[in-house]
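In what follows, a structure is listed as structure tokens, so that the remarks can point back to it.
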Amino acid sequence: MRLIKLLVVLILAGLIGLVGYAYLGDMEPLRQEVRSPVGNEVPGD
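Residue numbers in the sequence shown follow numbering that gives the first Met the number 0, run continuously in steps of one, and reach 44 at the last position.
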């Protein structure tokens, strides 16, 4: 029974930590300019 309680507490702590990281963590993407040529060529010709 004590093992089940410990497992539940660890799972809850992990979920709370995951939610906290999702809201407070730095998840802003790195921005960089991407340029690619656009043409009217058909591949294989």
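The beta-carbon is built from N, C-alpha and C at its ideal position, and this holds for glycine as well.
Would you tell me roughly how many angstroms separate the C-alpha atoms of residue 18 and residue 24, rounded to the nearest one?
Approximately 10 angstroms between the Cα atoms of the pair.
Starting from residue 7, follow the alpha helix (DSSP H) in both directions and report where the run begins and ends.
Note, residue 7: alpha helix (DSSP H), 1-23.
Can you grab the Cα-Cα spacing for the pair residue 22 / residue 29, in whole Å?
About 18 angstroms.
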